[in-house]
Each structure stands twice: as C-alpha cells, then as structure tokens.
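Asks: Position 240 of the sequence shown, counting from 1, maps to 252 under my numbering, and the rest follow consecutively.
Shown below is the structure under consideration.
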Amino acid sequence: ATLEPQPRSWLALDERDNDPLLFLSYLLTALYNLLDEPEPQGLTLLQSGATAEAALTAALNSLHQLKQDALLILDDYHLLEEAAVHQTTQFLIDHLPPPLHLVITSRHELPLRLARLRAKRQLHEITAAELRFTAAETAQFLTDLHRLNLPSGVSDLLTSRTEGWAAGLQLATLTLEKLPSAEITNFLHTFGGDNAHIADYLLEEAWRHQAAEVQTFLLHTAVLERFTQTLCQHILPEHDAAVVLSQIQQDNLFLIPLDHQRHWFRYHQLFRDFLRRQLAQTDLDPAQLHQQAAVWFAQNELYEEAMHHLLTAEAWPQAIKLIHTVGLELFISGNTNLVQRWLDGLPENYIRDDPHLATYRAVIRMNQFRLEETERYFQYAERQLEELPHQEARLLIGQIAAGRAGLANLYGDTPRILQEAKIAFDYLPPEDLRMRSSVAYSLGFA
C-alpha cells in the first residue's frame, strides 16, 4: 500500500504582509488550498466586510472536514511586525482544528502566546543551536551536495570556523569549490566575517535591517570576546543595554549564550568578524572601546580579560598600572605564567624602564633557568630605584635581594646566598612572611 501525500500549503511572507487585510487574505487562500471547496466561505465573508475572526472561523470550520493531517507553513515570519497580524496568527493557533499542523519559520522569537502549547507538549521548537551542523554532518554536506572530497580534518575545521551555521557552510563552499586542495586548509584558517560572500550575506540579511540603536550597540560591543548586560551598559551609558540586548536575543542575531542563566554572551565568530570590519569603517576608536572594557573587567576582578583589552589597545601605561596592582599577588600565588604573558605583550623598553616589571621579568627568567638574563633584569630594576618613594624603594631592594639569593642558590654560591639573604631580611618588612620564607628556603642550602 502507498501512503497518500500529506496536503500542505506554503505561505512565503514578506514586509508587504504587514497589511492586516492582505495577510488575512493570503492566509485564507493558503488554508483553502488544503481543501477542495469551490466557494471558500471565509474569503467570501472577508470580501463582504466581515471581521477577521468571522472569516477565519469559517475557514477553520471547513478544515475539520479534512480526512488526513495537513500542513500549513508560514515562512519568514520575522518580517511581520504589525500587532493586528500577530493577533490573526494567535487566533489561528488558539483555534487550530485537529487535522491541521502549523509550521512557522522565523529568525526571531515569535511574538505569540505559546506557553499553553508548551505545557501541553503540543509545541515542538527547533532552535538555532539545534540546527547547527556537526563535523560529521558537515562532511556529509560537502560530499553529498557539493561532491567535495576534501582532506581529512577539513570538515572539523570548517565546522569550527562557521560554528555549524548552515548559511556559513554554504557560503564557504562557494570558494572551496574553486580552490586547489593544497590551498583549502590555509583558506579555512583565515576564513572569517570579512570573507566577501559572508560579508555580503550579513550586510544584506542581518545588518541593514537593524534599527540605528541596535547598530550602535553592535558596533560598540564588537571588540568584546564575551559580555554581560552590565558590561554593555558601562560601554554605552546613554543606552538601555538591557532593552537592546533583549531585542538582539529575540532577533536571534548571532548571539550565543555562554551559561544557562544567560548572563554571559558572545557573538558568533563570523558575525563578530563582520562587526569589527564595520567598526573599522566608522569614526569610533576601537582602542577607546577596549580601554572602556578593560576598566569594567578590572573593577570586577577579571584581570586577565582586562589585560587582554589593554594590550590590544596598546594602552601601555594602563597595562603597567594593572600589573603593579595585581602582579605581586599573582607571583606569590604561583601564577607566574600569566604575568609572563602580560610582560610578553609589552614593548621591551617599558619593562627595562620600570623597576617592578624588570624584577618580575628577572624572576621569570630565573624560573626558566636563563640565569644570565636574570641578573641583567635585576640590574635594570636597580637603575630605577632612585626614582621611587623611599618605602617603595626599600621594599623593592628587599625583593631583588630575595631573588638574588635564589639565583645564588642555583649557582651553588654560598657566600652570595648569605650576603643577599642579609640584605633581604634587612629591607623586607617583618609582615612579608611569604617573601621572607623564600629567603629562608635559600638559606637552607647555604
């Protein structure tokens, strides 16, 4: 036996359908396409001036006659903004006859009351996250649809770069199909939102449709790797960040939540690349935005992200100030690798000209057993001591001596250990137990 094809009617929507009467007319036509009814009563009622509810009720009553399940598809519903149109759709949903199943596709969250259907498990929602391709699905997509037999690992890389975004995969293949195999991997490593196909798509489909306030928000937050509402409010104090962020979420505008509470977000990496390209074409100063972000991260004790933004902005004085603030505590807690990365992001002359930074670099070099460089950086630090306030200079003399005691220990130089340990104990404050303990440790080998 063969199954009869399921009756279906597809209504492709556009901005013109925001006219309530036009939308209702098209909706009734789509519904009656599912029926073999020579005189569609609902359309007749509409033409005679009946209310939308009366015309729609007549059509829905007729659909009870269906002998099998039918499907009505409303495509691109995100293009509809008129409240009266949403009321018509809500009436349709609330009075849907049992044989009729409704499919609505939208890039935005639907402005409809759906809680009752969710509670009764009569609603199946497929989100953007569920539509993302896995690496295996990407490989099948490339092979079956595009006949691309690519090197091993390419599907993983393409999935990573597009984050499984179907349109991104399709746009990437426009270039992949033209490339020799040897160039594919390099292309994917550099593939981003500034790719011509991706940029054109995002410009037309995502950017141009946004209100000026949303575009301003997107540009100002483009420099951020991740963000919260309060961070966005800090960068845009004259805007209501909560309202705009909520709008972006509803519009599914390439926004990815990073936690279940939807506190932290990031942009899809291709969209972020695109936004940064748009930012570069404005009068906004990315360095200033990075510095604003750094202030917020530092205030919230997220120092690594604060430093990332300062180094990206090449805001060297602010970066040095942050290292002065938290560098010693990071050292004492054993997080020297983080301090090393921060120092590596600074121009060398800033390290040599700052006694604290030079001391940190010396200790790092000692931990790496680069002993000649260790002493050289201690000497850089000593040259700047006269410029420091008295108490600060004394503390640093003690820290340098403690470091040199450790260096002498590595050389097995007992007299030097004793000499530097005495200086360290003389200059380090009694309450600095951690630093004094490190000196005592070196003395244990003397």
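Positions of the beta carbon are idealized from the N, C-alpha and C atoms, including for glycine.
Rounded to whole angstroms, what's the CA-CA distance from Leu108 to Leu91? Just pull it up for me.
Replies: Counted from its first residue, the sequence shown places residue 108 at position 96. Counted from its first residue, the sequence shown places residue 91 at position 79. Roughly 23 Å separates the two Cα atoms.
Asks: Kindly list the residues whose CB is nearer than 6 Å to the CB of Gln262, restricted to its own chain and excluding five residues on each side of it in sequence; keep chain order.
Replies: Translated into positions along the sequence shown, residue 262 becomes position 250. So the list reads His120, Glu121, once near-sequence residues are dropped.
Asks: Per DSSP, Ser21 forms a beta bridge with which residues?
Replies: Translated into the one-based positions of the sequence shown, residue 21 becomes position 9. Note: Ser21 sits in a beta bridge opposite Leu84.
Asks: By alpha-carbon positions, which one of Gln303, His201, Glu326 ends up nearest to Leu243?
Replies: Residue mapping note: residue 243 aligns to position 231 of the sequence shown, counting from 1. Closest option to Leu243, Cα to Cα, is Gln303.
Asks: Tell me, which residues are paired with Val115 by DSSP?
Replies: Locating residue 115 in the sequence shown gives position 103, where the first residue counts as 1. In the DSSP output, where bridge partners are listed per residue, Val115 has Ile85.
Asks: Taking 8 Å as the threshold, find out whether the stretch 284-295 comes into contact with the stretch 305-314 through three or more Cβ pairs.
Replies: The stretch 284-295, when compared against the stretch 305-314, does not touch it at the 8 Å Cβ threshold.
Asks: Residues in its own chain within less than 6 Å of Val375 by CB, not counting five upstream and five downstream?
Replies: What you label residue 375 is simply residue 363 of the sequence shown in a count that begins at 1. Excluding sequence neighbours, Val375 sits near Gly415.
Asks: Relative to the C-alpha of Ala452, which residue among Pro441, Glu443, Lys434 is closest?
Replies: Against the sequence shown, residue 452 aligns to sequence position 440. Looking at the Cα atoms, Lys434 is the closest of the given residues.
Asks: Using a Cβ distance threshold of 8 Å, determine whether the stretch 271-288 contacts the stretch 245-255, with at least three qualifying pairs required.
Replies: With a cut-off of 8 Å, the stretch 245-255 and the stretch 271-288 do not count as touching, because too few Cβ pairs lie within range.
Asks: Can you tell me whether DSSP reads Thr329 as helix, strand or coil?
Replies: Locating residue 329 in the sequence shown gives position 317, counting from the first residue. What sits at residue 329 in the sequence shown is Pro, not Thr. Pro329: helix per DSSP, three-state reduction.
Asks: Give a yes or no on whether the C-beta atoms belonging to Met319 and Trp354 are separated by under 8 Å.
Replies: Here residue 319 refers to the residue found at position 307 of the sequence shown. Here residue 354 refers to the residue found at position 342 of the sequence shown. Yes; because the gap between Cβ atoms is below 8 Å, this pair is in contact.
Asks: From which residue to which residue does the alpha helix (DSSP H) around Pro427 run?
Replies: Locating residue 427 in the sequence shown gives position 415, where the first residue counts as 1. 426-439 is the extent of the alpha helix (DSSP H) around Pro427.
Asks: Closest to Ala141 by C-alpha separation, out of Tyr439, Ala299, Pro269, would be which residue?
Replies: Along the sequence shown, read from residue 1 onward, the residue named residue 141 stands at position 129. Considering only alpha carbons, the answer is Pro269.
Asks: Excluding the five sequence neighbours on either side, which residues of its own chain have a C-beta within less than 6 Å of the C-beta of Tyr315, listed in chain order?
Replies: Mapped onto the sequence shown, residue 315 falls at position 303. Taken in chain order, the residues that qualify are Val338.
Asks: Buried or exposed for Asn421, going by 16 or more other Cβ atoms inside 10 Å?
Replies: If you number the sequence shown from 1, residue 421 lands on position 409. Asn421 comes out buried.
Asks: Between the C-alpha atoms of Ala327 and Phe103, what's the straight-line distance to the nearest angstrom?
Replies: As a position in the sequence shown, residue 327 is number 315, starting the count at 1. As a position in the sequence shown, residue 103 is number 91, starting the count at 1. Rounded to the nearest angstrom, the two C-alpha atoms are 57 Å apart.
Asks: For my contact list, Gln290 and Leu236 are in at a C-beta cut-off of 8 Å; report their separation, rounded to the angstrom.
Replies: By 1-based counting over the sequence shown, the position of residue 290 is 278. By 1-based counting over the sequence shown, the position of residue 236 is 224. Contact doesn't hold; Cβ gap of about 15 Å is too wide.
Asks: Leaving aside the five residues before and after Leu47 along the sequence, list all residues of the same chain whose C-beta is less than 8 Å from its C-beta, in chain order.
Replies: Position 35 of the sequence shown holds residue 47. Closer than 8 Å at the Cβ level, and outside the excluded window around Leu47, lie Ser74, Leu75, Gln77, Leu78.
Asks: Report yes or no: do three or more beta-carbon pairs, one from the stretch 343-352 and one from the stretch 386-394, lie closer than 8 Å?
Replies: These segments do not touch.
Asks: For Arg125, which of helix, strand or coil comes out of DSSP?
Replies: Working through the sequence shown from its first residue, we reach residue 125 at position 113. Here Arg125 sits in coil by DSSP.
Asks: Is Leu143 near Asp88, with beta carbons less than 8 Å apart?
Replies: Here residue 143 corresponds to residue number 131 of the sequence shown, with the count starting at 1. Here residue 88 corresponds to residue number 76 of the sequence shown, with the count starting at 1. Contact: no.
Asks: Leaving aside the five residues before and after Thr386 along the sequence, list all residues of the same chain whose C-beta is less than 7 Å from its C-beta, in chain order.
Replies: Here the question's residue 386 lines up with position 374 in the sequence shown. So the qualifying residues of the chain are Ala374, Arg377, Met378, Leu419.
Asks: Going by alpha carbons, who is nearest to Gly357 out of Leu342, Pro367, Gly346, Pro329?
Replies: Position 345 of the sequence shown, counted from the start, is the residue given in the question as residue 357. When only C-alpha atoms are compared, the closest one is Pro329.
Asks: Measuring CB to CB, does Thr185 end up less than 8 Å from Leu154?
Replies: Working through the sequence shown from its first residue, we reach residue 185 at position 173. Working through the sequence shown from its first residue, we reach residue 154 at position 142. Going by C-beta atoms, Thr185 is nearer than 8 Å to Leu154.
Asks: Taking Phe390 as part of the alpha helix (DSSP H), name the residues at either end of that continuous run.
Replies: Locating residue 390 in the sequence shown gives position 378, where the first residue counts as 1. Looking at the DSSP string, the run of the alpha helix (DSSP H) that includes Phe390 is 383-395.
Asks: What is the rounded straight-line gap between the Cα of Tyr84 and the Cα of Ala42?
Replies: Walking along the sequence shown from the start, residue 84 turns up at place 72. Walking along the sequence shown from the start, residue 42 turns up at place 30. Before going further, note that residue 84 is Leu rather than Tyr in the sequence given. Spanning the two alpha carbons is a distance of roughly 8 Å.
Asks: Going by the CB atoms, is the gap between Gly456 and Ala436 shorter than 8 Å?
Replies: Residue mapping note: residue 436 aligns to position 424 of the sequence shown, counting from 1. Residue mapping note: residue 456 aligns to position 444 of the sequence shown, counting from 1. Not closer than 8 Å, so no.
Asks: So the beta strand (DSSP E) Pro269 belongs to, where does it begin and stop?
Replies: As a first step, residue 269 must be located in the sequence shown, where it is residue number 257. From DSSP, the beta strand (DSSP E) with Pro269 extends over 267-269.
Asks: So if DSSP puts Tyr453 in a beta bridge, which residue, or which two residues, is it bridged to?
Replies: Working through the sequence shown from its first residue, we reach residue 453 at position 441. Note: Tyr453 sits in no beta bridge, so no partner.
Asks: In the DSSP output, which residue or residues are listed as bridge partners for Phe239?
Replies: To locate residue 239, count along the sequence shown from 1; it is residue 227. Answer is Phe277, bridged to Phe239.
Asks: Among Gln80, Pro359, Ile335, Ala127, which one has its Cα closest to the Cα of Pro111?
Replies: Position 99 of the sequence shown, counted from the start, is the residue given in the question as residue 111. Selected option, being the one with the closest Cα: Gln80.
Asks: Residues in its own chain within less than 7 Å of Ala413 by CB, not counting five upstream and five downstream?
Replies: For the purposes of this step, residue 413 is taken as residue 401 along the sequence shown, with counting starting at 1. Hits under 7 Å: Glu432, Ile435, Ala436, Tyr439.
Asks: Decide if Val97 is buried, meaning its Cβ has at least 16 other Cβ atoms within 10 Å, or exposed.
Replies: As a working note, residue 97 is residue 85 in the sequence shown. Burial call: buried.
Asks: Go to Trp177, then tell me how far its alpha helix (DSSP H) extends in each direction, as first and last residue.
Replies: As a position in the sequence shown, residue 177 is number 165, starting the count at 1. Element bounds for Trp177: n/a, residue is neither H nor E.
Asks: Taking buried to mean at least 16 other C-beta atoms within 10 Å of its own C-beta, is His336 buried or exposed?
Replies: The residue you call residue 336 lines up with position 324 of the sequence shown. That one is exposed.
Asks: Terminal residues of the continuous alpha helix (DSSP H) containing Ala64?
Replies: As a position in the sequence shown, residue 64 is number 52, starting the count at 1. It spans 64-75 - the alpha helix (DSSP H) in which Ala64 sits, taken as one unbroken run.
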